[in-house]
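Convert by adding 17 to the 1-based position in the sequence shown; the result is the number in our numbering. Where a beta carbon is used, it is the ideal one built from N, C-alpha and C, also for glycine.
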Amino acid sequence: MPPKGLLLANLGTPQAPDRKSVGRFLVAFLSDQRVVDLPRWWWLPLLRWVIAPLRSGRSARAYQKIWTGQGSPLLVLTQSLARELQQQVGPDTRVTVGMRYGEPAIERALRDLRNQGVEALTVLPLYPQFSRTTTASVEDALEAALVTLQWQPRVTVIQDYHVQPTWVEAVAHSIRQFQKRQGRPDKLVFSLHGIPQRFVAQGDPYQAQCEASVRAITHLLALDESDWLLTYQSRVGREAWLQPYTDETLRELAAKGVHHVQVLCPGFAVDCLETLEEIVIQNNLMFIDSGGKRLEYIPALNDSQAHASALRDLLAVAAGG
Numbered sequence: 018m019p020p021k022g023l024l025l026a027n028l029g030t031p032q033a034p035d036r037k038s039v040g041r042f043l044v045a046f047l048s049d050q051r052v053v054d055l056p057r058w059w060w061l062p063l064l065r066w067v068i069a070p071l072r073s074g075r076s077a078r079a080y081q082k083i084w085t086g087q088g089s090p091l092l093v094l095t096q097s098l099a100r101e102l103q104q105q106v107g108p109d110t111r112v113t114v115g116m117r118y119g120e121p122a123i124e125r126a127l128r129d130l131r132n133q134g135v136e137a138l139t140v141l142p143l144y145p146q147f148s149r150t151t152t153a154s155v156e157d158a159l160e161a162a163l164v165t166l167q168w169q170p171r172v173t174v175i176q177d178y179h180v181q182p183t184w185v186e187a188v189a190h191s192i193r194q195f196q197k198r199q200g201r202p203d204k205l206v207f208s209l210h211g212i213p214q215r216f217v218a219q220g221d222p223y224q225a226q227c228e229a230s231v232r233a234i235t236h237l238l239a240l241d242e243s244d245w246l247l248t249y250q251s252r253v254g255r256e257a258w259l260q261p262y263t264d265e266t267l268r269e270l271a272a273k274g275v276h277h278v279q280v281l282c283p284g285f286a287v288d289c290l291e292t293l294e295e296i297v298i299q300n301n302l303m304f305i306d307s308g309g310k311r312l313e314y315i316p317a318l319n320d321s322q323a324h325a326s327a328l329r330d331l332l333a334v335a336a337g338g
């Protein structure tokens, strides 16, 4: 029998933490109409000649703070997760990684699977909660790549896994284990990536799925509603994004005398710029400067066996097994 294929798709990363590489990445990312839906005739020249040059230096400095000897944490951890998952699913399924922006590109990953004789393909965007800005964008890239390659495998796309039981249990277990070592905080903050409120008003299910994820996790942990908060991070621009905002909430908590918080980001499959730099560095410093004492970050599931097992179970459900 021909092997089955599994494409793990993630957002992507610059190839290096320098201004030129980051600038290329920003242009690719922010050119996506799923992400920024402003008129192309106006937005694209502004992006290429103003936004990217202005932001690339600042973003490059942020990447430099988290870059490892192996490279970008997002890419390194996604590839390591793929290897762990490959061990769990066995040789009959070929697991590969494709990035929506940057390398290894989705088209390149699909070409590799095609060349291995794959006829049935499962695509798993590594976003637990569906949004048009993430999962739908991966679907766009998938469709375009299949047309370019003139390849027509049987395709299954897993659109979300926001309340998948073994994923919820893996997140809850990671919280329990972290708190065994570090103690219980005054407040547990679930920080999810934000999107413009306008997108939700237009029908994007992302906010509802974020809320459902957090309810499932806190229910499994038997937490009281006073123990935790759900917030949204990484907003840009002037329009309203999903609220409450993570940075403003942490500042307010510190001002109210909340000394110890723990933050986790269950919308990120693996750690990346938004967790390692925005939360661990930026928001940590802001919390301390505002009067807080301890901000601890609970890592993403990353390449853990529990994470791979949750994804393996998800694949079994998608296959009807």
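Measuring straight from C-alpha to C-alpha, what distance separates residue i and residue j?
i: Tyr144; j: Gly309; result: 31 Å
i: Ile305; j: Thr263; result: 14 Å
i: Glu136; j: Thr152; result: 22 Å
i: Glu294; j: His276; result: 21 Å
i: Trp59; j: Ala69; result: 14 Å
i: Glu186; j: Trp168; result: 37 Å
i: Lys37; j: Arg72; result: 11 Å
i: Thr85; j: Met116; result: 19 Å
i: Ser97; j: Asp320; result: 6 Å
i: Ala229; j: Leu240; result: 15 Å
i: Val174; j: Gly274; result: 46 Å
i: Leu267; j: Asn132; result: 49 Å
i: Val217; j: Met18; result: 44 Å
i: Arg100; j: His324; result: 12 Å
i: Gly22; j: Phe147; result: 22 Å
i: Leu209; j: Pro283; result: 7 Å
i: Tyr314; j: Leu270; result: 16 Å
i: Leu312; j: Ala189; result: 19 Å
i: Val67; j: Leu61; result: 10 Å
i: Gln87; j: Cys227; result: 32 Å
i: Asp49; j: Gly200; result: 42 Å
i: Ala79; j: Leu92; result: 16 Å
i: Ala272; j: Gln260; result: 19 Å
i: Tyr249; j: Thr150; result: 15 Å
i: Asp109; j: Leu43; result: 37 Å
i: Val164; j: Val334; result: 28 Å
Taking the alpha carbon of residue i as the reference point, which residue from the options has its own alpha carbon closest?
i: Arg232; options: Val206, Gly211, Pro170 and Phe216; result: Val206
i: Leu247; options: Gly211, Glu120, Ala272 and Gly274; result: Gly211
i: Leu28; options: Arg36, Arg72, Thr95 and Arg41; result: Thr95
i: Val280; options: Ser191, Pro56 and Leu127; result: Ser191
i: Ser89; options: Arg329, Leu290 and Pro142; result: Leu290
i: Pro31; options: Ser154, Ala122 and Asp109; result: Ala122
i: Arg41; options: Arg57, Gln103, Gly119 and Gln105; result: Gly119
i: Ser154; options: Glu265, Ala26, Gln181 and Asp203; result: Ala26
i: Glu256; options: Leu24, Val53 and Leu43; result: Val53
i: Asn301; options: Leu332, Asp330, Ala317 and Glu265; result: Glu265
i: Arg75; options: Tyr178, Pro202 and Val39; result: Val39
i: Leu64; options: Ala77, Gln81, Ala45 and Tyr80; result: Ala45
i: Leu318; options: Ser243, Thr292 and Leu332; result: Thr292
i: Pro34; options: Leu47, Arg51 and Ala77; result: Ala77
i: Gln299; options: Lys82, Ala333 and Gln194; result: Lys82
i: Gly243; options: Trp258, Val278 and Ser251; result: Residue 243 is actually Ser in this sequence, not Gly. Considering only alpha carbons, the answer is Val278.
i: Leu47; options: Ser326, Gly254 and Arg215; result: Gly254
Once DSSP output is grouped into helix, strand and coil, what is the label at residue i?
i: Arg72; result: helix
i: Tyr249; result: strand
i: Ser154; result: helix
i: Leu98; result: helix
i: Val114; result: strand
i: Ser307; result: coil
i: His276; result: coil
i: Ile83; result: helix
i: Val134; result: Note on residue identity: the sequence assigns Gly, not Val, to residue 134. Coil at Gly134, not helix or strand.
i: Tyr223; result: helix
i: Gly29; result: strand
i: Val140; result: strand
i: Ala239; result: coil
i: Pro90; result: helix
i: Glu120; result: coil
i: Pro182; result: helix
Over what stretch of residues does the beta strand (DSSP E) that includes residue i continue unbroken?
i: Leu259; result: Leu259 -> no beta strand (DSSP E), and no H or E assigned at all.
i: Phe207; result: Lys204 to His210
i: Val174; result: Arg171 to Val174
For the alpha helix (DSSP H) that residue i lies in, which residues bound it at each end?
i: Gln299; result: Segment: none, Gln299 is in no alpha helix (DSSP H) and carries neither H nor E.
i: Pro62; result: Arg57 to Leu63
i: Ala325; result: Gln322 to Ala335
i: Leu318; result: Run containing Leu318: none; DSSP gives neither H nor E here.
i: Gly40; result: Arg36 to Leu47
i: Val53; result: Note, Val53: premise wrong, no alpha helix (DSSP H); not H, not E.
i: Ser148; result: That residue, Ser148, is in no alpha helix (DSSP H); it is neither H nor E in DSSP.
i: Ala218; result: Gln214 to Ala218
Any Cβ of chain C within less than 8 Å of the Cβ of residue i?
i: Ala79; result: Any reference to chain C falls outside this structure, which holds one protein chain only.
Can you determine whether any heavy atom of the ligand ADP sits closer than 7 Å to the C-beta of residue i, and answer yes or no?
i: Leu205; result: Ligands displayed in this structure: none; no statement on the ligand ADP is therefore possible.
- Item | Touching by the beta-carbon criterion (3+ pairs, under 8 Å), the region 158-178 and the region 118-128 | yes
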